[in-house]
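For reference, the structure is listed below as C-alpha cells.
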Amino acid sequence: MDYVHQLPDYLVLGLTRGSMYALIAIGYTLVYGVLQLINFAHSEVFMSGAFGSFLAVDALAPHVGSTAGATAVFLVGILAGAGTGSCIAFMLERVAYRPLRQRGAPKVAFLISAIGASFFLSQVAGKLFNRLSNNSFPEYFDVNHVAFTIAGAEVRVIQLIIVASALALMVGLDALVNRTKLGRSVRAVAEDAPMAALLGINIDRTVSRTFIIGGALAGAAGFLFGTAFAFSNMMGFQPGIKAFAAAVLGGIGNIRGAMIGGVTLGLVEALIPPLPGVGIQWTDVVAFGVLVAVLVFRPTGILGERLGRVA
Amino acid sequence: MNLKDALCGESARRLLICLVGAVIVAVMWGPQQGSPDDYGHGFKQAVLDPRIFVFLGLGVLMFVLAPRTAQLKARLALPGSGLFGAAAAGVALARTLLHWYDPVGDGKFAAASRAATSGLADVYFGWLYVVTWLLVVGVGLVAILRRSRALASVGALAALAAAELTTVAHADLVSTSRGIDHSYGADATVVAYVGVAISLVYSGWTGRRSSIRDKALDLQARYPGVLIAAMALFLATASVGFATWFSPGRLNARLWTSADLFDGTGISALAAVMQRGGLAASLVVAAAVGALGIYRSSTSLRIAAAGLSVLGGALTLFTAHAMGQIGVDNGVDGATSPWANLGTGPWFALLGFLLLAVAAASPWIGRSSSNAARGRSRAASATAASRMSVTPTLLAGLVVAIVLPHVFTEYWQQVLVTQIGVYVLLAVGLNVVVGWTGLLDLGFIAFYAIGSYTTAFLVGSLPVHPPFGIHLTPLAAIPVAIGACIVAGVALGAPTLRLRGDYLAIVTLGFGEIIRIVAINNPGNITNSTRGPETPVPHPEINVGILDLKWGTDPLQYWYLLLAILAIVVFLFTRLERSSLGRAWAAVREDEVAAKACGVDATRAKLLAFAIGASTSGLAGVFFASQVGYFNPDNFLLLNSILVLAYVVFGGMGSMKGVIVGAAFLTWLPEFLKDQVPADDRQMWIGAVLLFMMIFRPSGLIPERRHTVELTHTDNRQAVTAATASESEGS
C-alpha cells in the first residue's frame, strides 16, 4: 500500500525526468529527421550547455537580491545554456558531419566521427574547467523549496521550473517547426532532401539550422539539469543514452514522438522500479526492457518515424 | 572591394577557420588543466599565455599554404623527396616522442642529455644531435632540389655517419651511466637516418621522375622477396654487429665483447665459435647465397639460402641459450631462466634470419600479387590478392608477431596481451556483424562478459558452483562459453533483427547495459556483484596424452595462445567471407530487399552473423577471464563496446587486414600517449584521431576491396583497375 500512497510523488519525479529526456531527445530526433543519422555527440552538446550557462550564472549570481533578480538570472542562464549548446552543435555539424557528407561517407563513419567528437568535447571541457563529478551552480534561489503539495506529493520549485520550461520550449519548437518558413524547410528536407533541394531549399543551411535548434534545446536542458543536480564534463553520457532511447521509443525522426517518448521513459523509470519485488537498482534494465518490448511490437516506435509526415 | 565583401569573403572565412583551429590546438596542447576554484584557469593558461602567438602564427601559415597545396605538391614531387621528408621528420619525431634512456626520469631525450655527463654522449646529447640533423637535412634538401649527384652522395654518407654516431653515443651513455635500458629512440633514429640515406641515393642515381614506391614494387616484381630480404639483412647485420646480446643488470655486452666475457666459463665450444664470428660468417654466407638465388632466380640456390637462414636462426638461439645458461649457472642477477638475461640482439638476429628464410622461399609461399604480376595479367593479380592466401608478407608478419614480443618490456608484453591482442580478437568478431553483414551492434561487449562469467562459473570461481560437481579447466570451458554466447546472440537477435540499423543499435546497446547491470545486481548470488569471481579463475592448461602445457604468469605464454586463437579465427573467417554465407552477408548488407528477392534467407544470414560474432566475443571472454583471474562488471562497460566499434570502422569495415591493424593501432595509442600527454588528456587525443580519420578517410585505414570491386563497378576490367588504384592509394 505504501506504493499507492507514494504514487503521486513518483509521478512528479517521472514527469520531471521525462521532460528533461524529452528536451534532449528532440535534438536526436531533429538530426535524425534531416540526416537519418544518430548524433552521438548530442550528449556533449547537453554538457556544454551546463558549462556555458554556469559561466554566466556564476558571474551574475552574487548580485541577486530579490525574486525578480533570481528570475532574471535564471532566464540569463537558460539563454546562455541554449546559446552555448547551439554554438557547439553548429561547430559539430561543420567539423564532424559536413565533410563526411560531402565525401559520401558510409553511415557508420558518421557514428564514429560523432563518437570521436564526443570524446573530444567532454575531455576538452574537463581540461578547460575541471574533471570533478559534482560541480554545482551557485545558490541564487532555493531549488528544493516546496512550491505546493498536490495529492500528497510535494512539488519542488526546481521540478516545477523544469517541467514548465520544458513545456514552454517544446511548445515553442512545435510552433517553430509547424508555422515558420524555417520549420517548413526542415520538414521538407526531412521528407525528401533531393526534392527539397530542387525546390530551392538550401540543404546545408537547413541542416545547420536544425543542429542549432536541437543544440539550443539540449543546452537549455543542460542548464536545467545542472541547476537541479550537479554538472561535470562526463554528465552527458547517461542522460544522452536515455534520451536516445526515448527518441527511438517515440519513433525517431518524429518531434512529438520524442516528447512522448521522453515523458514515457521518465514515467517508466519512476513508476516501475519502486514496485515491490523490482528494486531501484533495476531502473536501467526496466527502461531498456520496455524499449525493447515496444520495439518488438512496434518496430518504428510509438508514433512511428519521419519528421515530415506527422507535422 | 568594399568592407562587407572583405569581411564575408571566402578568404576571410578561411582565415577565421584557421585561427579558431589554432586556438583549439592551443587548448589541446600542453599540460595546463582547469581548477575547481577558478573555472577560467585552464583557458587562461592555454590562450592568454604568450605562446598563443606561436599557435596563431601556425594558423596563419596554414591559411597561406592551404590554397597552394596542389602547387607545392607538384613542385616537391622530385625523386626521393617523399621518403626524405618522412625520414627526416622521423628523426625529429624519434627525438621528441621516444624513450632514449630508461633509467633516468621520464626516459626522454632531455632526461638522457641530463644523464650524459662525459665523453661523446655529453656532446651528442648536448648539441651535436641538432647540428648533425640540421646538416644532414640541409645538404639532403639542396641535393634533392638541385638533383645533384655529388651532394646526394655527401648527404647519404653524412646520414650514415649520423646513424653510426647515434649508435655510438647512445652506447656510450648506456655503458657509462649503467642501468637497464629498453629504449628505442636511438634505434629508431638509426633507421630514419638510413631512410634518409636511401632517399638521397635514389635521388642522385635515378633519371626518371618515378617514386621510390614504384621502384620498390618494380624490384619486388622482378625479384620476389627482395624487399623482405633487404629488411632482414639490415636487421640481422645491425643485431649481430651492434645490439646488446647479454645484459644482466648493469652490463650491456655485444656479441663480440661477450666472447671475452664468457672465456673460461665452460661455455660450449660451438657457442664460443659462434660468438667469435661464427654467426657473422653464417649471416654472410646465407645472405650471399640468398642474394645470388634471388638475383638469378635459381630454385636450388633459393632453397639453400632458406635452409642456411633457418640454420643461422637455430645457431642464434643455441648461442643465446648457452650464454643465458651460463648466467643461470653462475646465478647472475638471480636469473632462473636461460632466456632471462638476454638483450635484444639474439631476438633481432633470429628475426633477421627467419625473415631471410621467408624471403628466399617466397616464390613457393602462396601467390602474392607481385608474383602473379610477373607472368599473368594484372587482373589475375588483383583477384589473387583479394583472396588473401598465405603470402610472404603475411608469413613475415607472423614471424614478427612470434619473435618480436621477446624484446618488449614486461609492461608492453602485458599490454600486448590484455589490450592489443584481446581487442583485436573482439574487433575481428565484430567485423563479421558490422563490416560484413552491416548490422550495427553497440552491445558487443556483453558477449565478452557472458564468455568471462561462463568460464568463471564452470571452473567454480563464482559463489554458485556448477551442478554434478563439474569442474572444468578454462580451455575446456570454451565450447560451453561459445554455446552460451550463441544462445544469447540468437535470443537477442531473433526478435530484434527485423529492426532497421539504428533501432538495432539502441536495442543492442540496451542489451549490453542490461547484462552489465545484471552482473552488478547479482540475482541469486550468481555473479558475486561488483567484486567479481570469489577465487581467481585458474590459468589455462592443456593436458592431453604427452602434451602437457601449463600457463603461468608470463605474458608471452598468453601471447602465443592468443596468437594461435587469432590465427584460427582469422583463417576461418576469411574462408567464411568467401563462402556462400559470406556472399549472403554482403548481399544483405547492400540491399536486404533485393537479397531476399534473390532467394537469400536474410534472417538466417543475419542470425548466423550475430551468433558467429557473439561466439568470437565469448572466446575472447574466456581468454580474458583465465588470463587475469579476477575481473568485475567494470570490465564490460558500454564504452568498451563503442571502442570496439570504433576500432572496426577506423581500420576499415569489412577488411580483415584493416580491422586488425586498426584495433592494434587504437589500443596501442593510449599506451603510447601515456608518455606524451597528461593521462587525463589521452581520450581527447583519441577522439581527435577518430574525428580526423573519419573526416579525411571515412572508409578507414585499409578499406575493404571486395566491396569496391564487386559492387561499385559492373565492368570487370574497370573494377580491377579501380581495385589496384585504391590499393596503391591505400598504403
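These protein sequence lines map, in sequence, to chains X and P. Just so you know, this note's numbering puts 295 at position 295 of the first sequence, and the rest follows in order with no gaps. To get this note's numbering, take the position in the second sequence, counting from 1, and add 311. Built from N, CA and C at the ideal position, the CB exists for glycine as well.
Worksheet item: Contact check, Val45(X) vs Ile88(X) under 8 Å by CB: the rounded distance?
Response: As a working mapping, residue 45(X) is identified with position 45 in the first sequence. As a working mapping, residue 88(X) is identified with position 88 in the first sequence. Indeed, because the Cβ distance is near 5 Å, the residues count as touching under 8 Å.
Worksheet item: Run through DSSP, which three-state label would Val750(P) get?
Response: Here residue 750(P) refers to the residue found at position 439 of the second sequence. The residue asked about is misnamed: residue 750(P) is Leu in this sequence, not Val. Three-state DSSP puts Leu750(P) in coil, outside helix and strand.
Worksheet item: What number of angstroms, rounded off, separates the C-alpha of Ser593(P) from the C-alpha of Ser118(X)?
Response: Within the second sequence, the letter at position 282 stands for residue 593(P). Within the first sequence, the letter at position 118 stands for residue 118(X). Spanning the two alpha carbons is a distance of roughly 56 Å.
Worksheet item: Would Ala617(P) pass as a contact of Ala707(P) if the rule is Cβ separation under 8 Å?
Response: Position 306 of the second sequence, counted from the start, is the residue given in the question as residue 617(P). Position 396 of the second sequence, counted from the start, is the residue given in the question as residue 707(P). No, Cβ-Cβ distance for Ala617(P) and Ala707(P) is not below 8 Å.
Worksheet item: For Ala760(P), does the count of other Cβ atoms within 10 angstroms reach 16, so buried, or fall short, so exposed?
Response: The count along the second sequence starts at 1 and reaches residue 760(P) at position 449. Burial call: buried.
Worksheet item: Counting Cβ pairs closer than 8 Å, one from the stretch 574 to 592 of chain P and one from the stretch 630 to 638 of chain P, do we hit at least three?
Response: In short, these stretches touch, since the Cβ pair count reaches three.
Discussion item. Against chain P, does Arg103(X) count as a neighbour if the rule is that its beta carbon must be under 8 Å from one of theirs?
Written reply: Along the first sequence, one-based indexing puts residue 103(X) at 103. It does: the Cβ of Arg103(X) has a partner Cβ on chain P nearer than 8 Å.
Practice prompt. Starting from Asp859(P), follow the alpha helix (DSSP H) in both directions and report where the run begins and ends.
Written response: The residue you call residue 859(P) lines up with position 548 of the second sequence. Where Asp859(P) is concerned, there is no enclosing alpha helix (DSSP H), although the beta strand (DSSP E) it sits in stretches over Leu858 to Lys861.
Item to complete: Quick one: list the residues of chain P neighbouring Asn130(X), beta-carbon separation under 7 Å, in chain order.
Response: Along the first sequence, one-based indexing puts residue 130(X) at 130. Result: Gly345, Ser346 and Pro347.
Worksheet item: So, is Ser763(P) buried or exposed, given that buried needs 16 or more other C-beta atoms within 10 angstroms?
Response: Taking the second sequence and counting its residues from 1, the one referred to as residue 763(P) is at position 452. Answer is buried; the Cβ neighbour count reaches 16.
Item to complete: Buried or exposed for His320(X), please, with buried defined as at least 16 other CB atoms from any protein chain shown within 10 angstroms of its CB.
Response: An answer regarding residue 320(X) cannot be provided, because it is not within the stretch 1 to 311 covered by chain X.
Fill in: Proximal chain X residues relative to Gln994(P), where beta-carbon distance stays under 7 Å
If you number the second sequence from 1, residue 994(P) lands on position 683. Chain X residues near Gln994(P): Phe119 and Gln123.
Worksheet entry | Within-8 Å CB hit, Lys127(X) to chain P | For the purposes of this step, residue 127(X) is taken as residue 127 along the first sequence, with counting starting at 1. Output row for Lys127(X): interface = yes.
Worksheet item: Who are the neighbours of Pro806(P) on chain X, taking C-beta pairs under 7 Å?
Response: Counting from one through the second sequence, the residue named residue 806(P) turns up at place 495. By Cβ distance, chain X contributes Val296.
Worksheet entry | Residues bridged to Leu653(P) [DSSP beta-bridge criterion] | Residue mapping note: residue 653(P) aligns to position 342 of the second sequence, counting from 1. In the DSSP output, where bridge partners are listed per residue, Leu653(P) has Phe557(P).
Worksheet item: For Tyr10(X), which residues from the same chain have a beta carbon less than 7 Å from its beta carbon, with the 5 sequence-adjacent residues on both sides left out?
Response: Within the first sequence, residue 10(X) is the residue found at index 10, counting from 1. Excluding residues within five positions, the ones whose Cβ falls inside 7 Å are Ala270, Leu271 and Pro274.
Practice prompt. Please list the segments of the alpha helix (DSSP H) lying wholly inside the stretch 702 to 760 of chain P, counting only runs of 4 or more residues, in order along the chain.
Written response: Here the runs fully enclosed are 703 to 714, 721 to 726 and 733 to 741.
Worksheet item: Is DSSP giving Thr807(P) helix, strand or coil here?
Response: On the second sequence, residue 807(P) is found 496 positions in, with the first residue counted as 1. Helix.
Fill in: Cβ of Val248(X) within 8 Å of any chain P Cβ
Numbered from its first residue, the first sequence carries residue 248(X) at position 248. Yes, Val248(X) lies at the interface with chain P (some Cβ there is under 8 Å from its Cβ).
Practice prompt. Quickly, what does DSSP pair Asn135(X) with across the bridge? List them, please.
Written response: In the first sequence, counting from the first residue as 1, residue 135(X) sits at position 135. Looking at the DSSP assignment, Asn135(X) forms a beta bridge with Phe231(X).
Worksheet item: Using a Cβ cut-off of 8 Å, which residues of the stretch 808 to 837 of chain P contact any Cβ in chain X, in chain order?
Response: Arg809, Leu810, Arg811, Gly812, Asp813, Tyr814, Ala816, Ile817, Val818, Leu820, Gly821, Phe822, Glu824, Ile825, Ile828, Val829, Ile831 and Asn832
Fill in: Nearest residue (CA-CA) to Gly183(X), options Pro194(X), Ala164(X) and Arg209(X)
As a first step, residue 183(X) must be located in the first sequence, where it is residue number 183. If we check each option's Cα against that of Gly183(X), Arg209(X) comes out closest.
Discussion item. I need the DSSP call for Val855(P), collapsed to helix, strand or coil.
Written reply: Here residue 855(P) refers to the residue found at position 544 when the second sequence is read from its first residue. Note: Val855(P) maps to strand in three-state DSSP.
Item to complete: For Met339(P), I'd like the list of residues in its chain whose CB is within less than 8 Å of its CB, leaving aside the five on either flank, ordered along the chain.
Response: By one-based count along the second sequence, residue 339(P) stands at place 28. If the five residues before and after Met339(P) are omitted, its C-beta is found closer than 8 Å to the C-beta atoms of Asp992, Met995, Trp996 and Ala999, all from its own chain and listed in chain order.
Item to complete: Could you tell me whether the Cβ of Gly353(P) comes closer than 8 Å to any Cβ of chain X?
Response: The sequence position of residue 353(P) within the second sequence is 42, counting from 1. Cβ-Cβ to chain X under 8 Å: yes for Gly353(P).
Worksheet item: With a cut-off of 8 Å, do at least 3 Cβ pairs link the stretch 786 to 794 of chain P to the stretch 916 to 935 of chain P?
Response: Yes: the two stretches touch, three or more of their Cβ pairs being nearer than 8 Å.
Worksheet entry | is_contact[Ala957(P), chain X] using C-beta, thresh 8 Å | If you number the second sequence from 1, residue 957(P) lands on position 646. It does; some Cβ of chain X falls within 8 Å.
Worksheet entry | Neighbour list for Asp991(P) in chain X, Cβ cutoff strictly below 9 Å | Within the second sequence, the letter at position 680 stands for residue 991(P). In chain order: Gln123, Gly126, Lys127 and Arg131.
Worksheet item: Mapping DSSP to helix, strand and coil, what is Cys329(P)?
Response: In the second sequence, counting from the first residue as 1, residue 329(P) sits at position 18. In this structure, Cys329(P) counts as helix in the three-state DSSP scheme.
Worksheet item: Mind checking if Gly257(X) is an interface residue toward chain P, Cβ cutoff 8 Å exclusive?
Response: Counting from 1 along the first sequence, the entry for residue 257(X) is found at position 257. No, its Cβ sits nowhere closer than 8 Å to a Cβ of chain P.
Item to complete: Assign Phe148(X) to one of three DSSP states: helix, strand, or coil.
Response: Taking the first residue of the first sequence as position 1, residue 148(X) is located at position 148. DSSP places Phe148(X) in strand when its eight states are reduced to three.
Worksheet entry | Range covered by the alpha helix (DSSP H) that runs through Val157(X) | By 1-based counting over the first sequence, the position of residue 157(X) is 157. Judged by DSSP secondary structure, Val157(X) falls within the alpha helix (DSSP H) whose first and last residues are Val157 to Arg179.
Practice prompt. State the start and end residues of the unbroken alpha helix (DSSP H) segment that holds Thr380(P).
Written response: By 1-based counting over the second sequence, the position of residue 380(P) is 69. Its alpha helix (DSSP H) spans residues Thr380 to Leu387.
Worksheet item: How many whole angstroms separate the CB atoms of Ala166(X) and Met47(X), which I take to be in contact at a CB cut-off of 8 Å?
Response: Taking the first sequence and counting its residues from 1, one reaches residue 166(X) at position 166. Taking the first sequence and counting its residues from 1, one reaches residue 47(X) at position 47. At roughly 18 Å, the Cβ-Cβ gap does not stay under 8 Å, so Ala166(X) and Met47(X) are not in contact.
Discussion item. Quick check on Ala41(X): does DSSP put it in helix, strand or coil?
Written reply: Walking along the first sequence from the start, residue 41(X) turns up at place 41. In the three-state reduction of the DSSP assignment, Ala41(X) falls in the coil class.
Practice prompt. Kindly provide the ranges of any alpha helix (DSSP H) runs that are 4 or more residues long and lie completely inside the stretch 423 to 452 of chain P, ordered along the chain.
Written response: 430 to 434
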